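At position 45 of the sequence shown the residue is numbered 95 (the working numbering), and the sequence of numbers has no breaks.
Just below is one structure, and these are the notes that go with it.
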Amino acid sequence: MTPEVLRFADDGRIPNNPRLPALLYRAALPPGDPATAEALFARNGWPPAWRNGIHPFHHYHPNAHEALAIARGQVSVQLGGAAGPTLSLAAGDVVVLPAGVGHRNLGASADLLVVGAYPPARCRSSSPAARSSTPRPSRPSTWSRTPSPTRSPAAPGLPNRPLRGRLLGVTRGRPMAEPTDIFEILHGTRAMRRLKPDPVPDELIARILRAGASAANGGNTQKWRFLVVKDMAIKQAVQRWYRRAFDEVVGPRYAASAPPPGSTAERYHRQHGAVEYLTEHFHEAPVWIVACLEEAKPSRWSGASVYPAVQNMLLAARALGLGATLTTRHLLFEAESEAALGLPPGVHSYAILPIGWPMGKFGPVGRGPLRDITYLDRWGENWDALEG
Ligand SMILES: Cc1cc2nc3c(=O)[nH]c(=O)nc-3n(C[C@H](O)[C@H](O)[C@H](O)COP(=O)(O)O)c2cc1C
């Protein structure tokens with residue numbers, strides 16, 4: 051398992067650790083079981099030390115490296131100080147923080163449970179778990195004297211390769227803001243229809259909205275408007291129309307259609323189940339973003355100026371570990387749904403994105419071969435570059 055590597059420079063308040071990066075292991079453990087996390091840490095020579103949460107203020111351990119396993123729930127953790135990136139961690143994720151690296155909890159689900167561990171005493175100085183909150187100590191942090199651990203605490207199923215070689219290096223430039231490769235996000239952004247009702251921090255929704263509002267739009271006129279809906283009564287009122295559209299149109303259509311390209315009967319059946327699930331639980335997603343346009347006469351051109359923003363938001367949600375689905379089914383009862391949403395005259399909705407922490411795992415998208423849908427120069431002529 052290859053971890054994501056995050057480096058942080060001294061920001062003047064938090065020393066961070068110019069020598070060692072933080073490591074993020076996604077889905078390293080089965081979720082929900084703190085004992086498995088403890089066993090993993092112990093097996094790798096990092097004795098587990100506590101079960102608890104993460105402080106909501108910036109803090110760091112001046113003389114101890116620390117491993118945190120998210121055993122249950124989700125948490126947004128800012129690393130590296132006030133300008134550092136925010137990671138969205140879910141049950142099963144493990145993060146390894148070298149001494150000096152700042153971290154704070156920006157918001158968590160009610161069931162958050164974190165297991166903490168430290169490397170053997172030789173990797174610490176006298177106080178094994180000293181916590182320090184800002185202001186930083188007047189003398190340089192003891193991170194510089196804290197030896198590198200020789201084993202990662204979180205590499206299940208892999209040989210415990212020495213970390214030292216991979217960890218050495220001097221921080222240059224800004225910390226990595228996003229931990230995930232863009233192509234990984236593109237190929238792994240699926241309709242995530244089974245969502246937990248747990249709250250999502252506003253800060254993450256704001257990041258998603260900022261990603262949306264960075265999209266291309268005709269003439270940069272920015273006629274898009276985004277309605278964030280958390281009010282259960284409003285969501286329920288729309289869900290009734292969404293369900294009726296399923297009962298009358300979408301359900302029968304699903305039941306009568308063949309699997310699409312790149313899918314199988316079994317996969318399509320599962321998709322149908324997920325679609326039904328979302329139909330029943332639409333309103334339980336903790337946050338909706340309703341993508342709208344202030345445009346009197348909606349047309350194909352209008353849609354082209356809002357769907358790039360919608361796609362940006364889906365990708366941003368994926369990058370933050372949040373599940374979302376592009377939905378338009380409410381438009382089968384457009385007038386009724388838009389009345390329930392309280393949209394003023396001249397404003398129309400183009401998509402509702404239910405957003406929340408996913409119940410299941412993100413998987414790769416299933417699509418047909420590119421060569422079946424791409425032609426070179428003349429319609430119907432294959433492009434050899436795509437063969438094979
Ligand atoms: C224009 C559009 C409308 C969609 N409307 C809905 C919807 O109302 N409900 C829903 O569950 N999924 C909806 N989807 C999601 C698609 O069903 C989904 O992207 C497709 O099945 C592929 O699944 P995947 O992205 O998980 O691979 C919509 C997608 C698009 C692009």
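Think of the CB as a built atom: it goes at the ideal place given N, C-alpha and C, for glycine as much as any other residue.
Note that this is a predicted model, so its numbers are computed, not measured.
Considering only their Cβ atoms, is the gap separating L74 from E54 smaller than 7 Å? As a position in the sequence shown, residue 54 is number 4, starting the count at 1. As a position in the sequence shown, residue 74 is number 24, starting the count at 1. Cβ atoms of E54 and L74: closer than 7 Å.
task: Starting from the C-beta of P311, find all residues in its chain whose C-beta is less than 6 Å away, skip the five residues before and the five after it, and write them out in chain order.
output: One-based indexing of the sequence shown puts residue 311 at position 261. For P311, where only same-chain residues beyond five positions count, the Cβ hits under 6 Å are G418.
Assign L12 to one of three DSSP states: helix, strand, or coil. Any property of residue 12 remains undetermined from this structure, which presents the chain solely from 51 to 438.
- Compare the beta carbon distance of A295 and L382 with 7 Å and say whether it is the shorter of the two. Position 245 of the sequence shown, counted from the first residue, corresponds to residue 295. Position 332 of the sequence shown, counted from the first residue, corresponds to residue 382. Yes, these two residues count as a Cβ contact at 7 Å.
Quiz prompt | Cα-Cα separation, V415 to R240 | solution = Position 365 of the sequence shown holds residue 415. Position 190 of the sequence shown holds residue 240. Going by the C-alpha atoms only, they are around 6 Å apart.
Do you know how far the Cα of D60 is from the Cα of T72? Here the question's residue 72 lines up with position 22 in the sequence shown. Here the question's residue 60 lines up with position 10 in the sequence shown. Checking the displayed sequence, the identity of residue 72 turns out to be Ala instead of Thr. Approximately 14 Å between the Cα atoms of the pair.
query = When DSSP labels each residue in this structure, what does I255 get in the three-state scheme?
reply = Here the question's residue 255 lines up with position 205 in the sequence shown. Note: I255 maps to helix in three-state DSSP.
Looking at G157 and S138, is the spacing between their C-beta atoms short of 7 Å?
For the purposes of this step, residue 138 is taken as residue 88 along the sequence shown, with counting starting at 1. For the purposes of this step, residue 157 is taken as residue 107 along the sequence shown, with counting starting at 1. No, the pair does not count as a contact, with Cβ atoms beyond the cut-off.
Would the beta-carbon of R290 be found less than 6 Å away from any heavy atom of ligand 2? Annotation note on ligand 2: not contained in the displayed structure, which lists ligand 1 as its ligands.
When you compare the CB positions of Y304 and H380, do they come within less than 7 Å of one another, or not? Position 254 of the sequence shown, counting from 1, holds the residue named residue 304. Position 330 of the sequence shown, counting from 1, holds the residue named residue 380. The answer is no: Cβ separation not under 7 Å.
query: W407 to D427, Cα distance in whole Å?
result: The residue labelled residue 407 in the question sits at position 357 within the sequence shown. The residue labelled residue 427 in the question sits at position 377 within the sequence shown. The alpha-carbon atoms of W407 and D427 are separated by roughly 44 Å.
What's the call for L208, buried or exposed, on a 16-neighbour Cβ count within 10 Å?
-> Here residue 208 is taken as the residue at index 158 of the sequence shown, counted from 1. Only weak support is given to the placement of L208: the predicted model assigns it a pLDDT of 31, under 50, and the question is left unresolved by the model.
_Going by beta-carbon coordinates alone, are R254 and L370 separated by less than 7 Å?_
In the sequence shown, the residue the question calls residue 254 occupies position 204. In the sequence shown, the residue the question calls residue 370 occupies position 320. Residue identity check: residue 254 is Leu in the sequence provided, not Arg. In this structure, L370 lies closer than 7 Å to L254 by Cβ.
For the beta strand (DSSP E) containing V325, list its first residue and its last residue. Here residue 325 refers to the residue found at position 275 when the sequence shown is read from its first residue. Unbroken run through V325 is the alpha helix (DSSP H), 315-331; no beta strand (DSSP E).
For S463, collect the residues of the same chain with a Cβ closer than 6 Å to its Cβ; drop the 5 residues on either side in sequence, then sort them by chain order. No information on residue 463 is available, as it lies outside the stretch 51 to 438 that the chain covers here.
Taking only the alpha-carbon atoms, compute the straight-line gap between P251 and Y327 and give it to the nearest angstrom.
-> By 1-based counting over the sequence shown, the position of residue 251 is 201. By 1-based counting over the sequence shown, the position of residue 327 is 277. Those two C-alpha atoms are separated by around 24 Å.
Give the DSSP bridge partners of L403, in chain order.
Locating residue 403 in the sequence shown gives position 353, counting from the first residue. DSSP output for L403 lists I339 as bridge partner(s).
Inspect the beta-carbon positions of C342 and V278 and report whether they are closer than 7 Å. Position 292 of the sequence shown, counted from the first residue, corresponds to residue 342. Position 228 of the sequence shown, counted from the first residue, corresponds to residue 278. Going by C-beta atoms, C342 is not nearer than 7 Å to V278.
Practice task
Count the other C-beta atoms from every protein chain shown that fall within 10 angstroms of the C-beta of M282, then say buried if there are 16 or more, exposed otherwise.
Solution key: By one-based count along the sequence shown, residue 282 stands at place 232. Result: exposed.
*For the alpha helix (DSSP H) containing G353, list its first residue and its last residue.*
Here the question's residue 353 lines up with position 303 in the sequence shown. G353 -> alpha helix (DSSP H) spans 350-354.
| query | Just curious, the beta strand (DSSP E) that W100 is in, first and last residue? | reply | Within the sequence shown, the letter at position 50 stands for residue 100. That run of the beta strand (DSSP E) goes 98-102.
Rounded to the nearest angstrom, what separates S159 and D248 at their Cα positions?
Mapped onto the sequence shown, residue 159 falls at position 109. Mapped onto the sequence shown, residue 248 falls at position 198. Between S159 and D248, the C-alpha separation is close to 6 Å.
| Best match in A117, Q128, G123, L245 for proximity to V144 [C-alpha to C-alpha] | Reading the sequence shown from its first residue, position 94 is the one you call residue 144. Nearest C-alpha to V144: A117.
>> Suppose the cutoff is 7 Å on Cβ atoms and the five residues either side in sequence are ignored; what does the same chain contact list for E344 look like?
In response: Translated into the one-based positions of the sequence shown, residue 344 becomes position 294. Excluding residues within five positions, the ones whose Cβ falls inside 7 Å are K273, R275, G396, V397.
What whole-angstrom Cβ distance do N102 and A149 have, given they're in contact under 8 Å?
Working through the sequence shown from its first residue, we reach residue 102 at position 52. Working through the sequence shown from its first residue, we reach residue 149 at position 99. Going by Cβ atoms, the distance from N102 to A149 rounds to 19 Å, so no, they are not a contact pair.
Practice problem: Return the chain-ordered ranges of every beta strand (DSSP E) run that is complete within the region 89-144 and spans a minimum of 3 residues. | Solution: 98-102, 116-122, 124-129, 136-140
Check: Among the residues of its own chain, which have a CB less than 6 Å from the CB of A121, if the five just before and after it don't count?
Finding: Taking the sequence shown and counting its residues from 1, the one referred to as residue 121 is at position 71. If we look at A121 and ignore the five residues flanking it on each side, its Cβ neighbours are P84, A87, L163, V165.
Hey, would you say N94 sits closer than 7 Å to P203, going by beta carbons?
-> Here residue 94 corresponds to residue number 44 of the sequence shown, with the count starting at 1. Here residue 203 corresponds to residue number 153 of the sequence shown, with the count starting at 1. Yes, the pair counts as a contact, with Cβ atoms nearer than the cut-off.
Assign S399 to buried or exposed, taking buried as 16 or more other Cβ atoms, counted over all protein chains shown, within 10 Å of its Cβ. Working through the sequence shown from its first residue, we reach residue 399 at position 349. That one is buried.
Whole-angstrom C-beta distance between A390 and I284, which should lie under 8 Å | Indexing the sequence shown from 1 puts residue 284 at position 234. Indexing the sequence shown from 1 puts residue 390 at position 340. Yes, I284 and A390 are in contact; Cβ-Cβ is about 7 Å, under 8 Å.
Would you report the Cα separation of L129 and H105, rounded to the nearest angstrom? Looking up residue 129 in the sequence shown gives position 79. Looking up residue 105 in the sequence shown gives position 55. Between L129 and H105, the C-alpha separation is close to 12 Å.
Next on the checklist: Just to confirm the assignment, what range does the beta strand (DSSP E) spanning R293 have?
Outcome noted: The residue you call residue 293 lines up with position 243 of the sequence shown. Element bounds for R293: not the beta strand (DSSP E) but the alpha helix (DSSP H), 282-295.
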